[in-house]
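K.L.:
In the working numbering, the protein residues as written are 389 to 509.
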């Protein structure tokens, strides 16, 4: 990476993430780069049971765009109205993430991130 990129923490999912998915046990190696206002994620799926592997079955390269949200439920409902369904979600500390397969609609997947889950979830 170029000058100015931040440290590159490596993660192995599913620990410490709780993943609720149509997929059995999503696993991947993840590397994150802070490029000053843009976060680049390199994701290597391990096995076939994940949204990451599914998104690469018919094509390689760019997998998703990520957006922070304050209301995961409202965003999920809005995407559902456009026939874009949640393919994988998981808890990450006090927050959560969800992947939506929008490849047929938008040409890419969408990831929603929420800093804090609502009470009771």
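Beta carbons are placed, not taken as given, at the ideal position from N, Cα and C, and that holds for glycine.
1. Would you call the segment 448–460 and the segment 496–506 touching, i.e. three or more CB-CB distances under 8 Å?
2. Enumerate in chain order the residues of its own chain whose CB-to-CB distance from residue 465 is below 8 Å, with the five nearest sequence positions on each side excluded.
3. Indicate the three-state DSSP secondary structure (helix, strand or coil) for residue 461 in the structure shown.
4. Give me the residue from 491, 468 and 460 with the minimum Cα distance to residue 507.
5. Helix, strand or coil for residue 490? Go by DSSP, reduced to three states.
6. For residue 473, count neighbouring C-beta atoms within 10 Å of its own C-beta (all shown protein chains included) and say buried if the count is 16 or more, exposed if not.
7. Excluding the 5 residues flanking residue 470 on each side, which residues of the same chain have their C-beta closer than 7 Å to its C-beta?
P.N.:
Result, derived from the coordinates:
1. Flag = yes, the segment 448–460 and the segment 496–506 touch.
2. As a working note, residue 465 is residue 77 in the chain shown. No residues qualify anywhere along the chain.
3. Position 73 of the chain shown, counted from the start, is the residue given in the question as residue 461. The answer is helix: DSSP assigns residue 461 an H, G or I state.
4. Position 119 of the chain shown, counting from 1, holds the residue named residue 507. It is 460.
5. As a position in the chain shown, residue 490 is number 102, starting the count at 1. Looking at residue 490 - three-state DSSP - the assignment turns out to be coil, as it is neither helix nor strand.
6. Within the chain shown, the letter at position 85 stands for residue 473. Exposed.
7. Position 82 of the chain shown, counting from 1, holds the residue named residue 470. Annotation for residue 470: 493 place their beta carbon closer than 7 Å to its own, counting only its chain and skipping 5 residues before and after.
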